[in-house]
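Residues 5 to 181 in our numbering are what the sequence shown lists, from first letter to last.
By construction, the Cβ of each residue, glycine as well, lies at the ideal position given by its N, Cα and C atoms.
Model, not experiment: these values are computed from the prediction.
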Amino acid sequence: MNTKQILNVLNVLAWIAFIGLCIKTGALIFNLIFSLFINPQATHNLYLGLDLSILHQSNLTEYISLMSFFIFIAGLQAYLFFVTTRLFEKINLENPFNDIVSKLIVKISYVAFGIGILSIITENYAQRLVKKGIQLPDVNEFVASSSEYIFLAGIIYVIAQIFKRGIELQNEHELTI
5 MNTKQILNVL NVLAWIAFIG LCIKTGALIF NLIFSLFINP QATHNLYLGL
55 DLSILHQSNL TEYISLMSFF IFIAGLQAYL FFVTTRLFEK INLENPFNDI
105 VSKLIVKISY VAFGIGILSI ITENYAQRLV KKGIQLPDVN EFVASSSEYI
155 FLAGIIYVIA QIFKRGIELQ NEHELTI
């Protein structure tokens, strides 16, 4: 497979991930609203077996807060893959070093960092609820792995800086010719 075919396959995979994460985010939003205004019994199975019924019964504000964290993380993950699809659309293999691609790479690193930070906050929030005596299911499968996203953000940020340097060198080369 040549580079163009590989990028096309990765673009399709990014779109699939984006659509899947949009569905997840939408399902979490719908289930939060449904459980608040229509049927509180929906808290027994909010999304893929997530049971926050005890939290809903004990403290509605804490329930809304935790669900909001889940929704924001899923939304940021969807946005990360959306920006990735934009990156694949903007890459020009004839002239790969351009400002648009560079800005998209930096944006991906910032979004990944945001997911990591929000995941740390959510994990600590859930631990605080458990320490208060509220029974929660294992929320780690609904919270992104914070360390992995922060590490990913760092790597992509370094790549973005290398990419910026490539743009500078390309512009210097064009000026000397």
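Within 8 Å, strictly: CB atoms of A18 and F85: yes
Residue from V13, V110, I77 and N15 whose Cα sits closest to the Cα of S149: I77
Rounded C-alpha distance that separates N128 from S69: Rounded to the nearest whole angstrom, the CA to CA distance from N128 to S69 is 13 Å.
Three-state secondary structure assigned by DSSP to N43: coil
Assigned secondary structure, F76 (DSSP; H/G/I helix, E/B strand, else coil): In the structure shown, F76 sits in a helix (DSSP, three-state: H, G or I).
Three-state class that DSSP yields for K107 in the structure shown: helix
Sufficient close CB pairs (3 or more, under 8 Å) joining the region 152 to 168 to the region 111 to 126: yes
Start and end residues, alpha helix (DSSP H) containing Q61: S57 to S62
Where V147 falls: helix, strand or coil (DSSP): coil
For L173 and G30, the rounded distance between their alpha carbons: 44 Å
Neighbourhood of L25 by C-beta, 7 Å cutoff - its chain only, sequence neighbours within 5 removed: A78, Q81, A82 and F85
Sequence-distant residues of its chain with Cβ nearer than 6 Å to F73 (five each side left out): These residues qualify, in order along the chain: T126.
Euclidean distance between Cα positions of N63 and K136: 11 Å
Where K136 falls: helix, strand or coil (DSSP): coil
Proximity of K109 and F167 at Cβ, strictly below 8 Å: Looking at the sequence shown, residue 109 is not Lys but Ile. Yes.
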